[in-house]
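What follows is one structure encoded as structure tokens, with my remarks underneath.
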Amino acid sequence: MRRKILPYLWPYRYPFLFALAQVFLMSGCELLKPWPLKIVIDSVLGDSPSPWNLHELFSKQALLVAACAGLIVIYLVLGGITLLNNYTTIKIGQRMVNDLRRDLYSHLQRLSLAFHSRRQVGDLMYRVTADTYAIQSLTMNGVFPIATALALLIGMFAVMLKIDWQLTVLALSVCPVLFLSISLLSKRISLAATVARQQESEVYSVVQRGMSAMRIIQAFTKEEEEHRKFMAASNQSLDASLRLYTLQTFYSGIINVVMALGTAFVVWVGAQHVLSGSLTVGEIVIFTAYLASLYAPINTISQTWGLIQGAKVGVQRVFEILDVERDLAEGNLVFPASGARGDVWWENVSFQYVPDQPVLKNVSLHVPAGRKVAIVGPTGVGKSTLLSLLPRFYDPLEGRVTLDGTDIRDFQLKSLRTQIAMVLQPPLVFPITVRENIAYGRPEATLEEVVEAAKLARIHDSIARLPQGYDTLVGEQGATLSEGERQRITIARAILRDAPVLILDEPTSSVDAETEALIMEGLNRLTANRTTFIIAHRLSTVRNADLIIVLRSGEIVEQGTFEELVHGNGPFALLYRSQFSLEE
Ligand SMILES: Nc1ncnc2c1ncn2[C@@H]1O[C@H](COP(=O)(O)OP(=O)(O)OP(=O)(O)O)[C@@H](O)[C@H]1O
């Protein structure tokens, strides 16, 4: 894991080294802190000689003033450096979080739909928003208290050794005990932290599912059941967090006891040394002050150790996603600036979402450039799946798909997807303005072009009636637009994209017959000279197609023109009589 975190720290190596230098300065101030008091006790109140023979230069009163002034200066300098250090470390930490989020989010956007259909949205959201903070805790809460403790340890060791080596050994013998207790308990805390994070992200998932299905929940009056599910997840998260906090508290309790024992021993032995005359009262003050300031960073390490373990888990959860290999390997080819011709082949294509449940079975289909193809068949036979292989939402298990004679896997994904405009189900509209929604695939489009596309999709009049026209903000999930209006916005979006290949997934299912006829008229102009695939349930769509494909159980069972198929006795004729004739 260290190898993975270091690249995130590397860009900030100079501020990081600066912060480390501050730690050494701070430790120096910590070392100086008890000295003025020692001078006051030993040389002002008592008659022992003061360090650097200051007592020979100053009177007792002057020495007292100098000691007090020194105390103020030391505290001021220490406060200033601490402030600077906090600012520097927080800045580094927050920048690292930002960088990690950037990488995680862009990685998530590049992972295939196969990955996303396996994962829970709430869990991924938690990883992007909450788990990424862990890199800050891990580096800052981990590295700096340890560096402080080490710097203090070395400095104190040098100073204390000069004063009383026995007492020094005794004082420092607490350190191994402390670190041993830390390492013994850390595994359990780490485990508890993993569970707590999982439960917390489960709460996110439940909320996300509930929020995105609010309409259904209310329609089926499932509020109580959803509430129960939420409370169950929330209670489990509460239990896990409480367990973690209990462990952390128990842990810092143990550390405190060890520290108290250490201090008591030092005071006990120190007092004996003072009584025997080998140590001054001021020196014992230095010892206990040093111990207190040495235990402080060790205490921070121990208290934040649980936090560090939790942070480790968080960082692991982030890298777990970053380590997922992109399952859609890209090629290098790009389409010419004029775009693809639009000649599409599915060659012996098989596909399955779940092992041993084939959705497409050895499908072969050639669609010459510029043709309009209607794909029909009962629900769930694989119509959408067949078309989703073309923009590479998924890759076939066997066989290949080619565009203009080249395997689509040889192209750069961006170049491939730019060749394809799609109207998908359900019609997805973003909470941005109507204009931005239509221009989503071509943000540089002028207002005139947006209006032209909207007119073709028969949505212009409805938009003109909105309070701010094209600048009206669409509510979350298009709440201020009807289903039919949303569908027409997505059609306008595809029209504006102006791509050589069009995929229309039942583009007019939510509009009335009259509007549909108008949209189809607009679409007919759009589809001229473009290879178009329409998943069609309506007769008018099917009639206008150059080629009709009938899918059943993942296989093409029939194909031909409307006239060829309708008069036979094949599956299309049957479908026509049972389904389409009703519309006539
Ligand atoms: N992401 C997925 N994960 C697992 N199974 C899926 C996934 N998407 C679709 N399926 C399954 O694959 C089969 C084909 O689905 P597909 O959406 O291609 O059918 P369709 O013919 O377009 O249906 P419809 O006309 O109802 O839209 C269905 O059984 C469906 O349950």
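Read in order, the letters of the sequence shown correspond to residues 1 to 584 in UniProt numbering.
All C-beta atoms, glycine included, are put in the ideal place defined by N, C-alpha and C.
Inside the stretch 102-133, DSSP marks whole alpha helix (DSSP H) runs of 4 or more residues at positions 113-118 and 121-129, from first to last along the chain. In the displayed model, A193 falls within a helix according to three-state DSSP. F287 is a Cβ neighbour of L167, given a cutoff of 8 Å.
Contact between the stretch 529-544 and the stretch 452-465 is absent: fewer than 3 CB-CB pairs across the two stretches fall below 8 Å. In this chain, K372 is not harboured by any alpha helix (DSSP H); it is covered by the beta strand (DSSP E) spanning K372 to V376. For L502, the closest of V174, V451, D343 and D123 by C-alpha to C-alpha distance is D343. Contact check between the stretch 226-237 and the stretch 190-203: three or more CB pairs, one atom from each, fall below 8 Å, which counts as touching. In the DSSP assignment, H227 falls within the unbroken alpha helix (DSSP H) covering E223 to L275. By the C-beta density criterion, S43 is buried, having at least 16 other C-beta atoms within 10 angstroms.
Between K38 and V285, the C-beta gap is smaller than 8 Å, which places the two residues in contact. Excluding its 5 nearest sequence neighbours in each direction, G93 has C-beta neighbours in its own chain below 6 Å: Q136 and M140, listed in chain order. Inclusion of V128 and L153 in the CB contact set at 8 Å is not warranted, their separation being larger than that value. Here R552 is bridged, per DSSP, to E555. At a threshold of 7 Å, S117 counts as near ligand 1, since its beta carbon sits closer than that to one of the ligand's heavy atoms. Of the candidates V258, Y353, A192 and K372, the residue whose Cα lies closest to the Cα of D239 is A192. Taken atom to atom, the span from the alpha-carbon of I163 to that of T132 is near 47 Å.
Those residues having their beta-carbon less than 5 Å away from any non-hydrogen atom of ligand 1 are, in chain order, S117, Y353, V359, T379, G380, V381, G382, K383, S384 and T385. K414 counts as exposed, since fewer than 16 other beta carbons sit within 10 angstroms of its beta carbon. The beta-carbon separation of F351 and P396, rounded to 5 Å, stays under the 8 Å limit for a contact. In the same chain as K361, and ignoring 5 residues on each side of it, the C-beta atoms closer than 8 Å to its own belong to S350, S553, G554 and E555, in chain order. Residue range H460 to R465 is occupied by the alpha helix (DSSP H) that includes R465. Where F24 is concerned, the enclosing alpha helix (DSSP H) starts and stops at R13 to L32.
For N362, the enclosing beta strand (DSSP E) covers residues P358 to V367. Under the DSSP definition of a beta bridge, A457 lacks any partner. Taking a 10 Å sphere around the C-beta of I74, we find 16 or more other C-beta atoms and assign the residue as buried.
Buried is the label assigned to V174, since at least 16 other Cβ atoms lie within 10 Å of its Cβ. For Q218, the enclosing alpha helix (DSSP H) has its first and last residue at M214 to A219. Two segments are said to touch when three or more pairs of C-beta atoms, one from each, lie closer than 8 Å; by this definition the stretch 405-425 touches the stretch 327-334.
Cβ neighbours of E558 within its own chain (closer than 6 Å, five residues either side excluded): V550, G570, P571 and F572. Taking 3 residues as the minimum length, the stretch 306-330 contains no beta strand (DSSP E) run wholly inside it. When the five nearest sequence neighbours on each side are left out, the beta carbons in the same chain lying within less than 6 Å of the beta carbon of S181 are those of I254, in order along the chain.
Under the three-state reduction of DSSP output, D164 falls in the coil class, being neither helix nor strand. DSSP places F533 outside any alpha helix (DSSP H); the residue lies instead in the beta strand (DSSP E), whose first and last residues are T531 to I535. Rounded to the nearest angstrom, the gap between the Cα atoms of Q419 and S462 is 29 Å. Put simply, the backbone Cα of L307 is about 13 Å away from that of V143.
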